[in-house]
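Peer 1: When we follow numbering that gives the first Met the number 0, the leftmost residue of the sequence shown carries the number 0, and every step to the right adds one. The following block contains the structure, expressed as structure tokens.
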Amino acid sequence: MANFKLLLLPGDGIGPEVMGQAEAIVSFLDKQGIVGFSVERDLVGGAAYDAHGVAISDAAMDRAQEADAVLFGAVGGPKWDKVPYQHRPEAGLLRLRKDMGLFANLRPAICYPALADASSLKKELVEGLDMMIVRELTGGVYFGEPKEIVTLENGEKRGVDTQVYTTHEIDRIARVAFDLARLRRNKVSSAEKRNVMKTGVLWNEVVTAIHKRDYSDVTLEHVLADNCAMQLVRTPKQFDVIVCDNLFGDILSDVAAMLTGSLGMLPSASLGATDINTGKRKALYEPVHGSAPDIAGQSAANPLAMIASLAMALRYSFGEGKLADALEAALADVLAAGTRTRDIAAPGTNAVSTTDMGSAVLKAFQKRL
Ligand code: IPM
Ligand code: MG
């Protein structure tokens with residue numbers, strides 16, 4: 000049996016609680032001899048800052064680089080509002096993404112039939128929604144230099160962030176989107192702001208060229224990013240794969256998440272390039288939701304996005320597509336049976352705890368094996 004190296008970085012807030020539920024499934028798979036794991040744990044975010052004075056230690060980074068996959072919970076919280084900018088909890092996540100070269104962020108948004116009522120949109124608009132946002136994750140305004148606040152001669156201050164993209168960065172993320180579309184409904188919507196941004200003009204050119212050269216069998220449409228946000232809440236089911244830069248992807252994926260009923264439902268995979276020698280690619284899996292400090296420690300958080308992130312790890316890092324299907328089906332079973340955490344419960348109905356939700360998924364998963 001293969002023995003995969005898995006690094007768990009639970010982080011802050013509800014991170015450790017939702018991670019606990021994914022971990023239960025990992026140890027089940029390992030104990031039953033279904034997939035072998037050697038599991039390591041480390042700190043990230045505010046927890047790492049408290050212990051080491053940095054948002055992620057070099058030792059934790061080394062472990063992440065050596066792991067077959069990293070499972071990441073969430074970082075941040077008011078406790079760390081005043082720490083120096085370079086040590087803020089989010090810096091740990093950004094370092095992981097950048098140093099591991101995780102340029103491709105896959106954020107699927109699926110509206111489970113049982114949850115169509117939990118969406119803030121009308122049921123018929125979201126029922127059966129199944130789309131994928133492919134977000135560029137290591138470039139753009141998140142990392143562009145200069146990035147600074149300077150004091151001008153007249154005493155005024157100026158803040159600068161730099162949006163920058165090169166051809167190869169756009170090329171490789173576009174290819175990820177086209178390849179995924181071929182396995183789905185064969186349509187890519189490329190979102191940018193070519194009407195006001197030079198990076199948008201280049202993005203549009205590169206995506207168009209690659210499409211023409213290598214992917215003309217896939218339907219491609221170009222959409223302005225603001226219009227894309229509007230279309231997402233108007234007729235979300237028109238989309239199959241959306242590809243966009245780092246910042247637009249951050250925003251559009253939060254919109255997409257809410258279509259599915261709750262931010263607590265959306266998983267993500269962040270993937271690096273495939274190593275030509277080993278055939279492996281670095282990978283980190285994380286729920287799209289944050290650390291939700293307001294409900295941390297109450298066992299009220301929804302662990303489904305974390306568990307669905309583990310399903311993505313099974314699919315993309317461990318070559319276990321069938322197990323991933325079974326785990327995703329188990330999530331749907333539990334929802335169909337009416338089990339709800341607070342974020343997705345109808346007003347006036349009972350909500351279960353984080354641990355009860357996790358146990359229900361594990362039970363449903365076992366039934367499907
Ligand atoms: C996300 C988050 C992060 C981002 C934060 C926590 C740095 O919002 O993964 O969507 O902006 O990328
Ligand atoms: Mg975000």
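Glycine included, each C-beta is placed from N, C-alpha and C at the ideal position. This one's a predicted model, so the numbers in the text were calculated from it and none came from an experiment.
According to DSSP, Met130 sits in a beta bridge with which residue or residues?
Peer 2: Here residue 130 is taken as the residue at index 131 of the sequence shown, counted from 1. DSSP lists Ala108 as partners of Met130.
Peer 1: DSSP beta-bridge partners for Val149?
Peer 2: Here residue 149 corresponds to residue number 150 of the sequence shown, with the count starting at 1. Val149 pairs with Arg157.
Peer 1: Report, in whole angstroms, the separation of the C-beta atoms of Asn301 and Ile343, which I expect to be a contact under 8 angstroms.
Peer 2: The residue given as residue 301 occupies position 302 in the sequence shown. The residue given as residue 343 occupies position 344 in the sequence shown. Confirmed, Cβ separation roughly 7 angstroms.
Peer 1: Skipping 5 residues on each side, what residues in its chain have a beta carbon closer than 6 angstroms to that of Leu219?
Peer 2: Here residue 219 refers to the residue found at position 220 of the sequence shown. If we look at Leu219 and ignore the five residues flanking it on each side, its Cβ neighbours are Val187, His210.
Peer 1: Under the criterion of a Cβ to heavy atom distance below 7 angstroms, does Gly72 qualify as lining the ligand IPM?
Peer 2: Sequence index remark: in the sequence shown, residue 72 carries index 73 (1-based). Short note on Gly72: C-beta not closer than 7 angstroms to any heavy atom of the ligand IPM.
Peer 1: Would you tell me roughly how many angstroms separate the C-alpha atoms of Leu246 and Gln162, rounded to the nearest one?
Peer 2: Translated into positions along the sequence shown, residue 246 becomes position 247. Translated into positions along the sequence shown, residue 162 becomes position 163. Answer to the nearest angstrom: the Cα atoms are 9 angstroms apart.
Peer 1: Please classify Ile24: does DSSP put it in a helix, a strand, or coil?
Peer 2: Locating residue 24 in the sequence shown gives position 25, where the first residue counts as 1. Correct three-state label for Ile24: helix.
Peer 1: Contact defined as beta carbons within less than 8 angstroms: I believe Val74 pairs with Gly91. What is the distance between those atoms, to the nearest angstrom?
Peer 2: Translated into the one-based positions of the sequence shown, residue 74 becomes position 75. Translated into the one-based positions of the sequence shown, residue 91 becomes position 92. Contact holds; Cβ gap of about 6 angstroms.
Peer 1: When DSSP builds the beta bridges, which residues end up paired with Tyr284?
Peer 2: Position 285 of the sequence shown, counting from 1, holds the residue named residue 284. In DSSP, Tyr284 forms a bridge with Leu70, Ala268.
Peer 1: If you reduce the DSSP assignment to three classes, tell me which class Glu123 lands in.
Peer 2: Residue numbering aside, residue 123 sits at position 124 when the sequence shown is read from its first letter. If DSSP states are grouped into helix, strand and coil, Glu123 belongs with the helices.
Peer 1: Run the Cβ filter for me: residues under 7 angstroms from any heavy atom of the ligand SAH, listed in the order they occur in the chain.
Peer 2: You won't find the ligand SAH in this model; what it holds is the ligand IPM and the ligand MG.
Peer 1: Are there any heavy atoms of the ligand IPM lying less than 7 angstroms away from the beta-carbon of Glu89, as far as the coordinates show?
Peer 2: Looking up residue 89 in the sequence shown gives position 90. Correct: Glu89 has its Cβ closer than 7 angstroms to the ligand IPM.
Peer 1: Determine contact between the segment 237-245 and the segment 189-206, defined as no fewer than three beta-carbon pairs at a distance below 8 angstroms.
Peer 2: yes
Peer 1: Measuring only from the beta carbon, is Gly100 closer than 7 angstroms to any heavy atom that is part of the ligand IPM?
Peer 2: Reading the sequence shown from its first residue, position 101 is the one you call residue 100. Between the ligand IPM and the CB of Gly100, the shortest heavy atom gap is not smaller than 7 angstroms.
Peer 1: So Phe71 and Tyr284 are supposed to be a Cβ contact under 8 angstroms. How far apart are they, rounded?
Peer 2: The residue you call residue 71 lines up with position 72 of the sequence shown. The residue you call residue 284 lines up with position 285 of the sequence shown. About 7 angstroms; that satisfies the 8 angstroms criterion.
Peer 1: Are the beta-carbon atoms of Thr338 and Thr353 separated by less than 8 angstroms?
Peer 2: Taking the first residue of the sequence shown as position 1, residue 338 is located at position 339. Taking the first residue of the sequence shown as position 1, residue 353 is located at position 354. Against a cut-off of 8 angstroms, the Cβ pair of Thr353 and Thr338 comes out as no contact.
Peer 1: Could you give the distance in angstroms between the alpha-carbon of Met264 and the alpha-carbon of Leu361?
Peer 2: As a first step, residue 264 is located in the sequence shown; it is residue number 265 there, counting from the start. As a first step, residue 361 is located in the sequence shown; it is residue number 362 there, counting from the start. Going by the C-alpha atoms only, they are around 17 angstroms apart.
Peer 1: Under 7 angstroms from any heavy atom of the ligand IPM, does the C-beta of Gly14 make it?
Peer 2: In the sequence shown, residue 14 corresponds to position 15, counting from 1. Gly14 Cβ: outside cutoff for every heavy atom of the ligand IPM.
Peer 1: With a threshold of 7 angstroms, establish whether the CB of Leu93 neighbours any heavy atom of the ligand IPM.
Peer 2: The count along the sequence shown starts at 1 and reaches residue 93 at position 94. Because some heavy atom of the ligand IPM lies under 7 angstroms away, the Cβ of Leu93 counts as near it: yes.
Peer 1: Verify the contact flag: Gly139, CB atom, against every heavy atom of the ligand IPM, threshold strictly below 7 angstroms.
Peer 2: Reading the sequence shown from its first residue, position 140 is the one you call residue 139. Distance from the C-beta of Gly139 to the nearest heavy atom of the ligand IPM is not below 7 angstroms.
Peer 1: Thinking just about the alpha-carbon of each residue, which of Lys97, Arg157, Gly154, Val175 is nearest to the one in Tyr141?
Peer 2: Taking the first residue of the sequence shown as 1, we reach residue 141 at position 142. Just measuring C-alpha positions, the residue of Lys97, Arg157, Gly154, Val175 sitting nearest Tyr141 is Lys97.
Peer 1: Just verifying my parser: in three-state terms, what is the DSSP assignment at Ile369?
Peer 2: Given that the chain is displayed from residue 0 to residue 368, the structure contains no residue 369 and the question cannot be resolved.
Peer 1: Can you find the residues in the same chain that come closer than 6 angstroms, C-beta to C-beta, to Asp178, ignoring five residues on each side of it along the sequence?
Peer 2: Taking the sequence shown and counting its residues from 1, one reaches residue 178 at position 179. Result list for Asp178: empty, nothing under 6 angstroms.
Peer 1: Roughly how many angstroms separate the alpha carbons of Asp274 and Ala23, rounded to a whole number?
Peer 2: Here residue 274 is taken as the residue at index 275 of the sequence shown, counted from 1. Here residue 23 is taken as the residue at index 24 of the sequence shown, counted from 1. Asp274 and Ala23: Cα-Cα distance of roughly 30 angstroms.
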